[in-house]
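One structure below.
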Amino acid sequence: MHISVFVNAISVASGSVIGIFLGKSISAGIRRILFQAVGLTTIGIGIQMALETSNFIIVLLALAFGAVVGEFLRIEDIIGAVGKFSKDSHRFTSGFVAATTLFLVGPMTVVGSIRAGLVGDGTLIYTKSVLDFISSIILASIYGISVLSSSIAVLVVQGLLVMASSHLVFLTDQNYLSNFTGAGGLIVVAIGIRLLELKEIKVGNFLPALIFAPIIDFIVGMFMK
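This is the structure we're talking about:
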């Protein structure tokens, strides 16, 4: 484990606490317009990430297989069950999925964690911690405690990536990284669509796509050699 992982989790947790307290003073009208602002920004970030892919067919397959597995495992319902202690379990689910995806999907998470594990360089994760701190304030002011709980996911997932870094070096290859980011980008777009209340998408059920993306990339790479 690298100290940068703890710093990142603490940055999310502290930003969330600030956001939760700020959220109590925000009126319903301001909260609504903030939802829309965050939703539009989220879609923009997702599109930017999606365009980094080197093969949209691989991204499509990853999303398709991931969605089937996610639907079978009822991931969205499981997250909702965890949030039953919250006043609004649906809001908890939306916030947890949005925060976890935004904080854990992308090159900075993968490359940063692998570099921290292999050579002890936590620079990327420290930089990411600052960005996550700001984002968590905004998200927590809207979603509340669900964003705070995502700090645990940040600690666990990045911690596992750091500890398994010697076996995950292949993920730093541009093809693997671009399609992983592309799949994550489309999931982020779905989060934005849900934030804008355009369509109720079970975004949590798409999360296994992030596992399928590098697997499909590996299989395709074997046949293309």
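According to the working numbering, the sequence shown is numbered sequentially starting from 1498. Glycine included, each C-beta is placed from N, C-alpha and C at the ideal position.
Return helix, strand or coil for residue i, following the three-state DSSP convention.
i: K1696; result: coil
i: I1555; result: helix
i: V1602; result: coil
i: S1508; result: helix
i: T1499; result: First, the residue type needs correcting, since residue 1499 is His and not Thr in the sequence shown. H1499: coil per DSSP, three-state reduction.
i: I1544; result: helix
i: R1528; result: helix
i: L1704; result: coil
i: R1612; result: helix
i: E1549; result: coil
i: I1713; result: helix
i: I1523; result: coil
i: R1588; result: helix
Since residue i and residue j are thought to touch, with beta carbons under 8 Å apart, how far apart are those beta carbons, to the nearest angstrom?
i: S1522; j: G1619; result: About 35 Å separates the two Cβ atoms, so there is no contact after all.
i: V1514; j: S1626; result: At roughly 15 Å, the Cβ-Cβ gap does not stay under 8 Å, so V1514 and S1626 are not in contact.
i: G1603; j: G1681; result: 6 Å
i: L1636; j: G1701; result: Rounded, the Cβ-Cβ distance is 16 Å, inconsistent with contact.
i: G1536; j: L1693; result: 4 Å
i: I1611; j: V1666; result: 6 Å
i: M1498; j: M1660; result: 7 Å
Buried or exposed: where does residue i fall if 16 or more other Cβ atoms within 10 Å of its Cβ makes it buried?
i: R1529; result: exposed
i: L1621; result: buried
i: H1664; result: exposed
i: I1642; result: buried
i: F1715; result: exposed
i: G1526; result: exposed
i: D1670; result: exposed
i: A1613; result: buried
Can we count residue i as close to the ligand MN, meaning its CB is less than 7 Å from some heavy atom?
i: Y1673; result: Questions concerning the ligand MN fall outside what the structure shown contains, since it holds no ligand whatsoever.
Should the stretch 1564 to 1575 be regarded as contacting the stretch 1682 to 1691, the criterion being three or more beta carbon pairs within less than 8 Å?
Segments in contact, no.
My parser needs the alpha helix (DSSP H) runs of 4 or more residues fully inside the stretch 1618 to 1687; what are they?
1620 to 1640 and 1642 to 1660
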